[in-house]
Structure formats: structure tokens, C-alpha cells
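Q: Would you mind keeping the following structure in view while I ask a few things?
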Amino acid sequence: MVKQSAKMQQKIVKQNSRRKVSAKKEKNSKTERYLKVYK
């Protein structure tokens, strides 16, 4: 049980970090587009 819950927690952490990374990428692409438009 303990091992399983630890594994689940790791999975959740991985998913969260991945989501953060994708959100960062999205933000970056948005700012890039913004800069391109206003150059």
C-alpha cells in the first residue's frame, strides 16, 4: 500500500511538472507572437 501510494504521488508530481512546462511553453510562444506582431 505504502509503495503504491508513493508511486501514485510520483506520477502526480510528474504530470504537474509536465503541465507547468507546457504552460510555460505556451506563454513563451504567445509572447513571441506578440513581439513579432509589434516589431
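Numbering (numbering that gives the first Met the number 0), first residue to last: 0 to 38.
A virtual CB, placed ideally from N, CA and C, is assigned to each residue, including glycine.
Cα separation between valine 12 and alanine 5?
A: As a first step, residue 12 is located in the sequence shown; it is residue number 13 there, counting from the start. As a first step, residue 5 is located in the sequence shown; it is residue number 6 there, counting from the start. Each residue's Cα considered, the two are about 11 Å apart.
Q: Should lysine 35 be counted as a contact of the ligand PLP given a C-beta to heavy atom distance under 8 Å?
A: Among the ligands in the structure shown, none appear at all, so the ligand PLP cannot be discussed.
Q: What is the DSSP secondary structure of tyrosine 33, counted as helix, strand or coil?
A: For the purposes of this step, residue 33 is identified with residue 34 of the sequence shown, where counting begins at 1. Correct three-state label for tyrosine 33: helix.
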